[in-house]
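Residue numbers (the numbering used here), protein chains in the order written: chain A, 1 to 176; chain B, 177 to 661; chain C, 662 to 761; chain D, 762 to 1389; chain E, 1390 to 1899. First comes the structure, then the notes that go with it.
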Amino acid sequence: MVEAVVFVLMGLSAIAGALTVVLARNPVRSALGLLATLFSVAVLYVLQLAHLVAAVQVIVYAGAVMTLFLFVIMLIGVDKEESRDETLPMQRVIVGAIASGLVILVVAITVSGNFEWVPAAADGVIPEATNGTIEVVAESIFTDWVIAFEATALLLTIAAAGAIALAHYRRGPANG
Amino acid sequence: MTTPEISWLAIAPELVLALGAAVVLLVEVQWKPAIRLLGWVVAVTLFAALGLTGWQWVSASDSLASGDVSALRAFSDMILMDGFAIFGRAALLVVTILGVAAGWQFFRGLGRRGAEALALVLLAAAGFSIMVASNNLIMLFLGLEVGSISFYVLAGFSRESSKSDEAAIKYFLMGSFASAIFVYGVALAYAGTRQLTILGLGEYFDDFVVSSPAVILIGIGLMVVGLGFKVSAAPFHSWAPDVYQGAPSGVVGFMAAVAKIAGFAALARILITAFPSFDNTFLPVIAGIAIVSMLLGSTLALVQGDIRRMLAYSGVAHAGFIMTGVVGGSTSGVLFYLVVYAVQLVGAFAVVAVVSGPSSSGSELSSYRGLSRRSPLLSGSLTVLLLGMAGLPVTAGFVAKFGVFSDAWANGYQWLVVIAVLTSVIALAFYVRIIVIMYMEDDDSEKIAVPNTVKWVLGAAVAATIIWGVLPASLLDLAADAFPL
Amino acid sequence: MVDPGWYMSLAAVLFLIGALGMLVRRNALVMFMCIELMLNAVNLTLISAGRAMNDLNGQVAVFFILVVAAAEVVVGLAIIVAIFRRRSTASVDELHELRG
Amino acid sequence: MTSLIWLVIAIPLVIAVVLHFFGRFLGEPLAGWLASLAVGAAFVVGLLAALPFFAGEAAAETIHLWDWMPAIGANLEIQWDQLSAVMVLVVTGVGTLIHVFSIGYLHGDERFHRLFVYLNLFIASMLTLVLAGNYAMLFLGWELVGFCSYLLVGFWFVRPTAAAAAKKAFVVNRIGDVGFTIGLMLVFTSFGTLSFSGIFERAPEVLTTGMATAIGLLLLAGAVGKSAQIPLYVWLPDAMEGPTPVSALIHAATMVTAGVYLIARSAAIFELAPAASLTVAIIGTATAIWAATIALAQRDIKKVLAYSTVSQLGYMFLAVGSTAYVAGIFHLMTHAFFKALLFLGAGSVIHAMSDEQDMHKMGGLFKKMPITAITMGIATLAIAGIPPLAGFWSKDEILGSVFERGGVFSILFVIALITSLLTAFYMARQWVLVFLGEPRWDEGVSPHESPGVMTIPLVALAILSFLGGLVNTPFMTSFEHFLEPVFEGLSLQHPPEGLTMFVVLAGLSVLAAVAGGGVAYLSYRRPQASWEKFEDGFEPLWGTWEEAYRVDDVYGAAIVAPGKRLSEWAAFEFDLPIVDGAVNGVARLFAGVGEKMRPLQSGYVRNYSALLLAGTVVVVVWLLAVGA
Amino acid sequence: MLTAIILVPVVGALFVALVPANRKELHLPLGIALSIMPLAIAGYLFWVFAPEPGFQFAVDVPWYEPWGLSWSLGIDGISMPMVVLTAILVPIALGASGSISVRTKEFIVYTLLLEAGMFGAFMARDLFLFFVFFEVILVPMYFIIGIWGGERRVYASMKFFIYTAFGSALLLAAIIGLAAMHTSEFGAPSFALADLATVSMSGGTEKWFFAAFALAFAIKVPLFPLHTWLPDAHVEAPTAGSILLAGVLLKLGTYGLMRFNLSLFPQASVDAVDVLGILAVIGIIYGAVVAIVQPDLKKLVAYTSVSHLGFIVLGTFALTSGSLQGAVIQNVNHGLTTGALFLLVGLLYERRHTKKISDFGGLQKVTPIFAGFFLFMIFASIGLPGLNGFVGEFLILIGSYATVPVLAIVAAFGVLLAAVYFLWAYERVFTGEPDREENRAMKDLSIKEIGLLAPLAILVLVLGLYPNVLLDKIAPSTEATLDHVEAATGYVTPAPGRLADVFVVGEAGE
């Protein structure tokens, strides 16, 4: 019951945030909208017992990523308001078409009724999920998923190297 | 507290590549050596990786012979060491070697930043080879991203041309968009089956009959889209022409080739291993994508004025042809085609890099006028490679096309084959256009000096094109053995 | 308790909003946020599915996606900055030199 | 000896080849003599080979040379029988004389030896034709003589008219040959072979009347072309562009008679197709009178002879058409003699008048060149049909046979009779215009008698024209007996028996001849003004005749011009714009589509992502549609 | 032996490629010498070839078993003449290329590769192998036209390349399909002609496959209305190119029809007799009619090819002994005569740098030998008995009547038109008074040029008078083909279509 209420609230705020991201003309607003969504989603994680993930979500995303975003936004100018009028020909039409197509799709799926998100368990009752505590998650990460974990190292290296290569201008003959 | 199961051999090549990248970066920071030293490091790294891959092949075939399949699954089914993975990995490494050699002028021209570029190349190779080997879809996604992100950077690497960073941002935005779509597909497939591994999915569908497969189907669709983007199949191709044209010509060949190999390897593995029970459902869709790619690619390639855009669109068409092979349902045809095409593509771009400067963006067809006079080597090899891509006999390209078409036909997609052969005629037309410009339009501007590295690359590419065209058995047998687990 | 289907439906909605955002916004940064939005939707899906089927892998997967997202952010912002340096704009509509 | 009969063909052929390569070095007159010698040798061989026939012993035989086209039963094989013997002797005999004559006639021409190459080649081809043992080989000779005539008519190719005439001759002949070819198709399909020996025995049981008629008519088409009958005679007058000896040899004595020979050869088939025979006869008669009328008014000495030849060939067709094959062949032979003589004589005249051919510019040549005059006179009498010259006997036999045939043929008989009157007229007119009356030469021409090489053949031919007829008179039909084996088992048409009938008919024809000749003599004996008035008296007929009924113009307007227009239309208004246009159109289509699609790649990321997303939606929807 | 004849030119080409480019004077003689060697081999083959059905000198080397590919060559009565023809024409074509001054080396290389390809195509007994050669040939020919051609060479070569490639594309699809059917029926893939002939298929399928094959070959032939690439290609191609194009490449089409359509799809062939026959006859008449008014001598000859090859197609599908033999030998005949004609036109062009008929006139007076050869070849091509052209056409016409009387009759008019267009052209070019100065100055044939033409002339004569040198060796194979068709379809050739029906006159003569 509680879960339901929280879900509805957070769901709404998540959607609101998402819409802000898409519709706000000022990037700062969009950023804040995204922030809102992230938070609400984190809460939804908690609702689903993914405690650690929720924490990471807040720390990494809200903490690091969004800061970075805002930083860049400031860097390249807050005042840049984006005008609403569509400059691309047809773009509106296309978007409308796609959107309506999606709506129709969703409707069709729901109407057809032959749709379930998760396969119904054998005995019909959803098993009680284990808590996503640090221990269990960590164990999984460092045993089964260890290689993936190592692979993320590559990602971060690339991120670093790439960022430097792109944004950092050295003094040097080859590049001004 | 269980301990992780480690199989060093399974990841040895990637490990070496990562180490190599690290060494390059660190050495650079520490000693700022001459770039050619780094070049040697890279070379050693790549060849070592290739050697290890060969070792993997041997041991894999041993354990297959001894029927001990479990040895091929590593890291609790995260990645596999089956023939398919190894073959794909080898292909990636070969292409990387050729790519680095072909683009060497570019890397050298970067001066201090060359190190980062080289490191990124190595890391990209590592990422994609993980992708090819992955059994776990998230793992696959990681590999994909490792590769893609390095590519985003490489695309924007040259600061000379404003086109370069336009290419980068386009590639980046579209790429991450596609990745998101892909991973959402993964998520949906997981939701529908509780499986994150390809083999797991396969087994799952062996055991259960899915009553309402909608979620799974959407998942498949989204994954196809995500990978289709990577291999620049229409209508998910739009990034390709711009990126090919904008990115520095030194690396674009490598990027294109590697992305094709990895993308198609993953696509083939997923479709053939994970969702065989749905093939009647998705094969028509794949065939549809194939047709759109072939037609759109070749017709648009006809009207391009820039050889790199032309190659990009022809790449779209080729994606269509390879899709035909996927429809054919046999991996060997696809793998053979991939290797052949990738080699030819790198070779072709090596020529482009020489003709229109290694770090430039864009290369007008007009700059190829009279190339046969200015550099018979370049024009000659480019001719062979183009004819190879066009799929004329005694080139490997023909054998490749023949293979995939045969598979598709045998698999009941005759109409697809017919359309494919007809579009290959259009394709012929635009390849021939370039040959016309090189041989039949004269322009006596100065001769072009060809760097040795490029000479080697061209030699290799042409040799491969001809030899595998005349005696395909050597490669075809390997490809035939390299079936997914 | 709430049926996991609802969570996933919510995720789907977020995903679509993000996707459509890619189409309507021309500020590279905002488009990029849309992608983050989509990735979040993915995460939400994974977690809900994992919880529904009592499978931890869902949650674990989310970690890696987070990492990927972070890496993308770094590189992406770097690219955007680089472009801004050159043209002092972040509007992708002004980048259509390459076409045809 | 008969086994060596192939020598008859071989000798001239070899000599032709030799002359072709070395003639230049032999030069004049050696090349000519060698050539004449070759033909003479052929004549001798033929004579020796024919001796058994004269003795009445040997039967026909077929000598197989070598396989040619076995698949259609067509090999190179020689049919050696009385008919071919006659033809061989005529061809080689007359040929020899004409060769000799040519030596003198072509004196001083820088392509002297070339002419003899062609002439020998022609002789060889003609002999191939007459010796052929099957239709294919006959066709071989048939075409080769056509080829030679192309070469010879166009001998003076520098003259555009000559070149055109040569082409015309060949093409018009080809028209007939198409019919011939189709006829051979029918023959092959009915008999499964083209070999005479395989065809003629089995003809009665194999052929239906319809098929026989079809074959007959198609062969007739070929014959009509070669023998210059209506409607394909137009090439022959033009062919006079060639050197006169050529006209004598090819367009009078030998080649043009091939058609007659063909029909006589195929008698066994015509036997089964009376309708076809009748057609032959009618065409022959029509041609005879038609050409005769044209000949009346010609001024060019050779044109007269040309049309006269056409007319005489008409006679032969009439003969073979009324199944009087012997008569036909007989007339063929005699005609060969006197018409060759006439042409050579005309040649001698033209030679003397330094290439003047207009008879209005001649006259009074008798004193200048008596031999020519006398010999030509004999020929004129012969063709006019004055007894006892050759022409009389052969023509009379034809008339007799036709008369005897009765029925429709009676009409033909009457027309033929009129024709002989006209013949006598125009021949006499020609002779008188040329040799009598006051000279009307252009200044500068000083006529003189031709040298011996030219006159001797004239004399020889004159003798033949005089006596040649005696081989087959009603009183001594040795020629007929000689040929009988060839037409064994066929119903031959003969002149009526009995002296009275003969006298009556002969009287009629002689009367006609004398009348025609007399009128001509009387009217043209007088000065130019008067006979020109006489000619004007026949206007507008005379004019039409002089212009040969303007048939060429009609053909030109009716066939040539439209054909050319059609061809131009096909080439420039159909092939290029439409057929080829379609091809290029397809190519342009693809390029166009490409251009149209380029905007798809607008360069705007948001379009791209729209495309991507749209694609995604489509894929997903499609999957769901297929899957669920 | 057969492998050798293919490899010799290839190796030769590589060898020439290695000769330093600055030793120009070496290239051409070397090329000719190298092309003589295959001629020697071909001569030997011809000599040893036994007049029997079936393939001789067969070579069978597995190429890639899993796909059922094999390097299997062999020649029978239908292909042997083509091999010999190719071997004869290539040296002549090279000999005629003295005027090629730029990039001689490449030219030789391409020509030799072309030769190898043509040999392979004619000798292949494995469809995959055939296709490989069939397609490979396009490339060198494309370069020959495109690099050494006339003003519109690019357009022409492009058109040639793409048009013909389009045809072969469907051929490829069909071959793949056949192999697939073989796999599904016998379990193992195979491309061997003999194996594929045994594949059983429904009438509909057979028709489709037949259509694909026929289309590919019809474009090559070229059959109306697919002929328009030919005039362009010919007009632009250098002399050697034209010689080989008309002499050999076109024959790939007719050869393919005889070899593959008849033996692989007998039923469909029998059903298609009318369609292809009609197209062929249209081609005969149409090509001739269009040729008449062509202002360009080379284009004229090109259109005559359309007309003449119509005869071959007609003969092929008339399915009688006579017509099929005629078709095969006409392949050779047309190669010789048209090759020679293109050579002559090429020599004219070298002398006057124009091909427009209206630019000439009265040449016979200036260059009698030239005129002589030209006239000779013209009449050979018109079908003058005693020369080779007649043998083929006559066999075809007479033979075809049994099955397609109407078409045969119409075709007979093609012979008439041939006389019209050729003689008119000859009249305009060679007869009359040479009015133009440059014409009066024209040189007659040199000894070398005569040396090139004489062999052709001799062959023309020999084949005209004693065609049995070939017919003997052709007949068994054509008979076998017809037997195969009849056996496979129950179709019976109407008498007297087959040799058996021919009424043999009792051995007269001895």
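Positions of the beta carbon are idealized from the N, C-alpha and C atoms, including for glycine.
Against chain D, does B:Val401 count as a neighbour if the rule is that its beta carbon must be under 9 Å from one of theirs? What you label residue 401 of chain B is simply residue 225 of the second sequence in a count that begins at 1. For B:Val401, a Cβ of chain D is located within less than 9 Å of the residue's own Cβ.
Taking a cut of 7 Å between CB atoms, which residues from the region 603–636 of chain B lie near chain D? Within the region 603–636 of chain B, not one residue has a Cβ closer than 7 Å to any Cβ of chain D.
If we ignore side chains and look at the alpha-carbon of each, how far apart do C:Ser749 and A:Ile76 end up? By 1-based counting over the third sequence, the position of residue 749 of chain C is 88. By 1-based counting over the first sequence, the position of residue 76 of chain A is 76. Straight-line Cα distance between these residues: approximately 7 Å.
For D:Leu791 and D:Leu780, the rounded distance between their alpha carbons: For the purposes of this step, residue 780 of chain D is taken as residue 19 along the fourth sequence, with counting starting at 1. For the purposes of this step, residue 791 of chain D is taken as residue 30 along the fourth sequence, with counting starting at 1. The alpha-carbon atoms of D:Leu780 and D:Leu791 are separated by roughly 10 Å.
So D:Ser1008 contacts chain B; which residues on that side make the cut at Cβ distance below 7 Å? Locating residue 1008 of chain D in the fourth sequence gives position 247, where the first residue counts as 1. Within chain B, no C-beta atom comes nearer than 7 Å to that of D:Ser1008; the closest sits roughly 57 Å away.
For chain A, is any of its Cβ atoms less than 9 Å away from the one on C:Glu758? The residue given as residue 758 of chain C occupies position 97 in the third sequence. Not an interface residue.
As assigned by DSSP and simplified to three states, the class of B:His413: Here the question's residue 413 of chain B lines up with position 237 in the second sequence. Three-state result, B:His413: coil.
Quick one, which residues of the region 364–378 of chain B are near chain C if we go by CB-CB under 8 Å, in chain order? Hits within the stretch, in order: Leu364, Tyr366, Ala367, Arg370 and Leu372.
Which of the three DSSP states is assigned to D:Ile1147 in this structure? The sequence position of residue 1147 of chain D within the fourth sequence is 386, counting from 1. Here D:Ile1147 sits in coil by DSSP.
So B:Ala477 packs on B:Ala463, CB below 8 Å; how close in whole Å? Within the second sequence, numbered from 1, the residue matching residue 477 of chain B stands at position 301. Within the second sequence, numbered from 1, the residue matching residue 463 of chain B stands at position 287. With a beta-carbon spacing of about 21 Å, B:Ala477 and B:Ala463 fall beyond the 8 Å limit used to define contacts.
Could you work out which residues of chain B lie near C:Thr706, taking near to mean beta carbons separated by less than 9 Å? Taking the first residue of the third sequence as 1, we reach residue 706 of chain C at position 45. Result: Tyr360, Ala363, Leu364, Tyr366 and Ala367.
What ranges does the alpha helix (DSSP H) occupy inside the region 291–343 of chain B, keeping only unbroken runs of at least 4 residues that lie completely in it? 313–331, all fully within the region 291–343 of chain B.
So that I know if they touch, is there some Cβ in chain D lying closer than 9 Å to that of C:Val685? If you number the third sequence from 1, residue 685 of chain C lands on position 24. When Cβ-Cβ separations below 9 Å define contact, C:Val685 makes contact with chain D.
What does DSSP give as the partner residues of D:Met1237 in its beta bridges? As a working note, residue 1237 of chain D is residue 476 in the fourth sequence. According to DSSP, D:Met1237 shares a beta bridge with D:Thr1234.
Listed in chain order, which residues of the region 137–168 of chain A have Cβ atoms closer than 7 Å to some Cβ of chain C? Residues of the region 137–168 of chain A with a C-beta atom less than 7 Å from some C-beta of chain C are Val137, Ser140, Ile141, Trp145, Ala148, Thr152, Leu155, Leu156, Ile158, Ala159, Gly162, Ala163, Leu166 and Ala167, listed in chain order.
Please list the residues of the region 1350–1378 of chain D that have a C-beta atom closer than 7 Å to any C-beta atom in chain C, keeping them in chain order. The residues in question are Arg1359, Gln1362, Ser1363, Gly1364, Tyr1365, Val1366, Arg1367, Ser1370, Ala1371 and Leu1374.
Nearest-angstrom beta carbon gap, E:Ala1482 and E:Thr1500 [assumed within contact, 8 Å]: Counting from 1 along the fifth sequence, the entry for residue 1500 of chain E is found at position 111. Counting from 1 along the fifth sequence, the entry for residue 1482 of chain E is found at position 93. About 7 Å separates the two Cβ atoms, so the contact holds.
If you run the structure through DSSP and keep just helix, strand and coil, what is E:Tyr1880? On the fifth sequence, residue 1880 of chain E is found 491 positions in, with the first residue counted as 1. Looking at E:Tyr1880 - three-state DSSP - the assignment turns out to be coil, as it is neither helix nor strand.
List, in order along the chain, the chain E residues whose C-beta lies closer than 9 Å to that of B:Phe512? Position 336 of the second sequence, counted from the first residue, corresponds to residue 512 of chain B. The contacting residues do not exist; B:Phe512 stays about 11 Å from chain E at best.
Could you tell me the alpha carbon to alpha carbon distance between B:Ser532 and B:Thr449, rounded to whole angstroms? Walking along the second sequence from the start, residue 532 of chain B turns up at place 356. Walking along the second sequence from the start, residue 449 of chain B turns up at place 273. Their backbone Cα atoms lie some 43 Å apart in a straight line.
For B:Gly579, which residues from the same chain have a beta carbon less than 6 Å from its beta carbon, with the 5 sequence-adjacent residues on both sides left out? As a working note, residue 579 of chain B is residue 403 in the second sequence. If the five residues before and after B:Gly579 are omitted, its C-beta is found closer than 6 Å to the C-beta atoms of Gly509 and Phe512, all from its own chain and listed in chain order.
Excluding sequence positions up to five away, which residues of its chain have a Cβ less than 7 Å from the Cβ of E:Met1570? For the purposes of this step, residue 1570 of chain E is taken as residue 181 along the fifth sequence, with counting starting at 1. If you ignore the 5 residues before and after E:Met1570, its C-beta comes within less than 7 Å of the C-beta of Val1588 and Met1590, all in its own chain and listed in chain order.
Through-space distance from B:Val594 to B:Ala584, alpha-carbon basis: Counted from its first residue, the second sequence places residue 584 of chain B at position 408. Counted from its first residue, the second sequence places residue 594 of chain B at position 418. Answer to the nearest angstrom: the Cα atoms are 10 Å apart.
D:Val1379 versus B:Asn456 - alpha carbon distance: Taking the fourth sequence and counting its residues from 1, the one referred to as residue 1379 of chain D is at position 618. Taking the second sequence and counting its residues from 1, the one referred to as residue 456 of chain B is at position 280. Computed Cα separation, rounded: 17 Å.
Say whether chain A places a C-beta atom closer than 9 Å to the C-beta of B:Ala390. Residue mapping note: residue 390 of chain B aligns to position 214 of the second sequence, counting from 1. Chain A has a Cβ within less than 9 Å of the Cβ of B:Ala390.
Just the Cα atoms here: how many angstroms apart are B:Met350 and E:Pro1684? Position 174 of the second sequence, counting from 1, holds the residue named residue 350 of chain B. Position 295 of the fifth sequence, counting from 1, holds the residue named residue 1684 of chain E. One C-alpha to the other measures close to 59 Å.
What does D:Asp1297 pair with, by DSSP beta-bridge criteria? Here residue 1297 of chain D refers to the residue found at position 536 of the fourth sequence. In the DSSP output, where bridge partners are listed per residue, D:Asp1297 has none listed.
By Cβ distance below 7 Å, which residues in the same chain neighbour E:Val1525 in space, the five residues on each side in sequence not counted? Mapped onto the fifth sequence, residue 1525 of chain E falls at position 136. Taking C-beta separations shorter than 7 Å and ignoring five residues to either side along the sequence, the partners of E:Val1525 in its chain run Gly1506, following chain order.
Do you know whose CA, among E:Lys1413, E:Ala1769 and E:Leu1848, lies nearest E:Ile1477's CA? One-based indexing of the fifth sequence puts residue 1477 of chain E at position 88. Looking only at E:Lys1413, E:Ala1769 and E:Leu1848, the smallest Cα-Cα distance to E:Ile1477 is reached by E:Leu1848.
Going along chain A in order, which residues have a C-beta closer than 8 Å to the C-beta of C:Glu742? To locate residue 742 of chain C, count along the third sequence from 1; it is residue 81. Note that residue 742 of chain C is Val in the sequence shown, not Glu. Simply Val72, Leu75, Ile76, Leu166 and Ala167.
Rounded to the nearest angstrom, what separates D:Glu1002 and D:His1121 at their Cα positions? The residue given as residue 1002 of chain D occupies position 241 in the fourth sequence. The residue given as residue 1121 of chain D occupies position 360 in the fourth sequence. So the two alpha carbons sit approximately 19 Å from each other.
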